[in-house]
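Residue numbers (this note's numbering), protein chains in the order written: chain A, 18 to 264; chain B, 18 to 264.
C-beta: ideal position from N, C-alpha, C; glycine also.
Input: a single structure, listed below in structure tokens.
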DNA sequence: GGTTAGATTTCCGCATTTCGGAAGTCAAGT
DNA sequence: ACTTGACTTCCGAAATGCGGAAATCTAACC
């Protein structure tokens, strides 16, 4: 059949509700009911009932003027609870302050969510770039040094999914290089020449997160990275990994 | 009947799924099925099916070792899309860099979600306190200057809900004072003497968000606030409000 | 002011999905 | 090896959710 098979033992109603959240996360801030009907294939009354249910849970909101629907304020509350409870978050957070103090760079603690890099924590450096800095805390993993490192250690299916999100994808050799490297380095095209470096935080044999540093090219020169940034980053990541091992 | 009436035109299955997300956001990172059954009143097979549905959508995850369930990685992805699409986020983000440059303090852009203050954006100042800084980006609104300001301008029901979350609640007079003030000031008890100030960002007649500054008491003295922080904060907020008005 | 069109919301009969008790499976503890 | 408690699956029943039709609402047009 054309329609993909539902995972075993799951509920269609919840699946549809979750699909709506995903659809609402793409494109404009708010969507008309009729647009959602077209994109989801669901009839208007079905959509309406689902959205009213999500509205009641504050997972969705409705613009009173246009009647259009968008993601709701309960999501950041739940997301924060998720991030707070990651063992690596509480283990790592104290080290970010020292790392920023010693390097002056922006420090990030990054986990993988699907094919995205999620900043579980971030401590801004002295120079965050111009006023049009990218404040977003979820980015495509392939566009960040930390995300690349995490993809290198993720399942093959995650890697393949990530390749599907981009047109100029890296090779399997690239990935092998990231996996083998102590430090992954990357300068995002969109980040106005702000190099990033990242290293793994391990929990046992598993890579639990990545610790990253970034800043303007004038500060993250090759020499500064070799002499200052990389050593401090590796030391902090090792300490965090030990803290995780103890927990 | 003892059970509260469901909102009209909503689905029980989605309501239960949303209830589970809320239960999972309270207490430990992962919960046993049997614990959730006790807390929710739902039978095990019903819970199991709901959780498997949320699992498939990555709104929930299951710890492979303990089989326990916790909030899932899709939540930060959705939350970030919600925050990115708030008109005030894109309007305000450029001003945070200047505000930090001129004051050196931590700059926050805060919205209200239920009775919580959500940091739509944050740019860390020079001094973020010790290594045990509070990295959380969702806090009880009453515990922050920005949150208090937003509560002052929120509906009465939100205000009452917020009062219910604390034992040493402020008075109605306090609230009136916050509503009337250009700047709300507060030093959280838990923040090791780090004063906060906040002012309103307006969209038309509505208060869309709050802009805040915080830092160590040694920097945010009364005089420094009067001469430096407050003027810059008010100016930035006024600019952001004008940008919002234009949109 | 009346009409039209398109969007959202509500109704209601039906059927399919969800429910939940019972049973099966699994793993840790004794 | 047995027991216990937790998780997962089965399957008949019933209740909820579905979706076509209709109602309502609002903006645009004349």
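query: Quick one: Cα of residue 237 (chain A) to Cα of residue 93 (chain A), how far?
result: Roughly 33 Å between the two C-alpha positions.
message: Any beta carbon of chain A sitting closer than 8 Å to that of residue 177 (chain B)?
response: No, its Cβ sits nowhere closer than 8 Å to a Cβ of chain A.
Where the alpha helix (DSSP H) through residue 92 (chain B) begins and ends: Where residue 92 (chain B) is concerned, the enclosing alpha helix (DSSP H) starts and stops at 91 to 102.
- prompt: Any Cβ of chain A within less than 8 Å of the Cβ of residue 148 (chain B)?
  reply: Interface residue, yes.
- prompt: How is the beta strand (DSSP E) around residue 138 (chain A) delimited, first residue to last?
  reply: For residue 138 (chain A), the enclosing beta strand (DSSP E) stretches over residues 133 to 140.
Cut-off 6 Å between Cβ atoms - residues of its own chain near residue 109 (chain B), not counting five sequence neighbours on either side: Here residue 109 (chain B) has 126, 257 as same chain residues with Cβ atoms under 6 Å from its own Cβ, once five neighbours each way along the sequence are excluded.
- prompt: Going by C-alpha distance, which of A:23, A:26, A:63, A:229 is nearest residue 37 (chain A)?
  reply: For residue 37 (chain A), the closest C-alpha among the options A:23, A:26, A:63, A:229 is that of A:63.
Supposed contact pair residue 106 (chain A) and residue 137 (chain A) - C-beta distance, whole angstroms, cut 8 Å: Contact between residue 137 (chain A) and residue 106 (chain A) holds, since their C-beta atoms are separated by about 5 Å, short of 8 Å.
Residues that residue 244 (chain B) contacts on chain A, provided the C-beta gap is smaller than 8 Å: Proximity of chain A to residue 244 (chain B) at the Cβ level (cut-off 8 Å) is not reached, the minimal Cβ distance being about 24 Å.
Backbone secondary structure at residue 250 (chain B) - three-state DSSP: The three-state reading of DSSP puts residue 250 (chain B) in helix, counting H, G and I together.
task: Give the C-beta separation of residue 99 (chain A) and residue 72 (chain B) to the nearest angstrom, bearing in mind that I take them to be a contact with Cβ-Cβ under 8 Å.
output: The beta-carbon distance between residue 99 (chain A) and residue 72 (chain B), rounded to whole angstroms, is 14 Å. This is too long to meet the 8 Å contact definition.
- prompt: Using the beta-carbon count (16 or more within 10 Å), is residue 91 (chain B) buried or exposed?
  reply: With 16 or more other Cβ atoms within 10 Å, it is buried.
message: Would residue 122 (chain A) and residue 235 (chain A) be called neighbours here (beta carbons separated by less than 8 Å)?
response: In this structure, residue 122 (chain A) lies away from residue 235 (chain A), with their beta-carbon atoms at least 8 Å apart.
field: First through last residue of the beta strand (DSSP E) which encompasses residue 88 (chain A)
entry: Unbroken beta strand (DSSP E) run through residue 88 (chain A): 86 to 88.
- prompt: Grouping DSSP H, G and I as helix and E and B as strand, with all else coil, what is residue 216 (chain A)?
  reply: It is a strand residue.
task: Given a cut-off of 8 Å, decide if residue 67 (chain B) and residue 33 (chain B) are closer than it, judged by their beta-carbon atoms.
output: Yes, the Cβ-Cβ distance between residue 33 (chain B) and residue 67 (chain B) is below 8 Å.
field: Every unbroken beta strand (DSSP E) inside the segment 52 to 88 of chain B [3 residues or more]
entry: For the segment 52 to 88 of chain B, whole beta strand (DSSP E) runs of length 3 or above, ordered along the chain, are 77 to 79, 86 to 88.
task: Output, in chain order, the set of chain A residues within a Cβ distance shorter than 7 Å of residue 70 (chain B).
output: Against residue 70 (chain B), the close residues of chain A are 27, 28, 31, 32, in the order they occur along the chain (beta-carbon pairs closer than 7 Å).
message: Restricting to Cα atoms, I'd like to know which of B:146, B:240, B:224, B:200 is closest to residue 259 (chain B).
response: In terms of CA proximity to residue 259 (chain B), B:224 leads the group B:146, B:240, B:224, B:200.
Nearest candidate by alpha-carbon position, reference residue 59 (chain B), set B:29, B:81, B:76, B:253: Looking at the Cα atoms, B:29 is the closest of the given residues.
message: Please confirm whether residue 141 (chain A) has its beta-carbon closer than 8 Å to some beta-carbon of chain B.
response: Yes, its Cβ sits closer than 8 Å to a Cβ of chain B.
query: In angstroms, rounded to a whole number, what distance separates the CA positions of residue 101 (chain A) and residue 153 (chain B)?
result: Each residue's Cα considered, the two are about 7 Å apart.
- prompt: Would a check of beta-carbon distances place residue 210 (chain A) closer than 8 Å to chain B?
  reply: Against chain B, the CB of residue 210 (chain A) has no partner CB under 8 Å away; the residue lies outside that interface.
- request: Determine the extent of the alpha helix (DSSP H) in which residue 170 (chain B) is found, giving its start and end residues.
  value: Unbroken alpha helix (DSSP H) run through residue 170 (chain B): 162 to 170.
query: What is the DSSP secondary structure of residue 229 (chain A), reduced to helix, strand or coil?
result: Here residue 229 (chain A) sits in strand by DSSP.
- prompt: Does DSSP classify residue 237 (chain B) as helix, strand or coil?
  reply: In the structure shown, residue 237 (chain B) sits in coil (DSSP, three-state: anything other than H, G, I, E or B).
query: If residue 162 (chain A) and residue 202 (chain A) are in contact, beta carbons under 8 Å, what's the gap, nearest whole angstrom?
result: The C-beta distance from residue 162 (chain A) to residue 202 (chain A) rounds to 6 Å, short enough to fall under 8 Å.
Nearest neighbour of residue 46 (chain A), chosen from A:78, A:26, A:207 [CA to CA]: Closest in alpha carbon position to residue 46 (chain A), among A:78, A:26, A:207, is A:78.
message: Counting only Cβ pairs nearer than 8 Å, list the residues of chain B close to residue 131 (chain A).
response: Listed by position along chain B, the residues whose Cβ is nearer than 8 Å to that of residue 131 (chain A) are 75, 90, 91, 94.
- prompt: Distance, Cα to Cα, residue 190 (chain B) vs residue 200 (chain B)?
  reply: Straight-line Cα distance between these residues: approximately 16 Å.
query: Does any C-beta atom of chain A lie closer than 8 Å to the C-beta of residue 111 (chain B)?
result: It does: the Cβ of residue 111 (chain B) has a partner Cβ on chain A nearer than 8 Å.
field: Contact with chain B by residue 61 (chain A), beta-carbon distance below 8 Å
entry: With respect to chain B, the C-beta atom of residue 61 (chain A) has no partner C-beta closer than 8 Å.
message: Strictly by DSSP, which residues pair up with residue 123 (chain B)?
response: BP columns for residue 123 (chain B) point to B:231.
- prompt: What residue range is occupied by the uninterrupted beta strand (DSSP E) comprising residue 341 (chain A)?
  reply: Outside the modelled stretch of chain A, which goes from 18 to 264, sits residue 341 (chain A), for which no answer is possible.
message: Closest to residue 252 (chain B) by C-alpha separation, out of B:97, B:180, B:43, B:217, would be which residue?
response: Measuring from the Cα of residue 252 (chain B), the nearest candidate turns out to be B:217.
message: Here's the rule: buried if 16 or more other CB atoms are within 10 angstroms of the residue's CB, otherwise exposed. What is residue 254 (chain A)?
response: Per the 10 Å Cβ criterion, buried.
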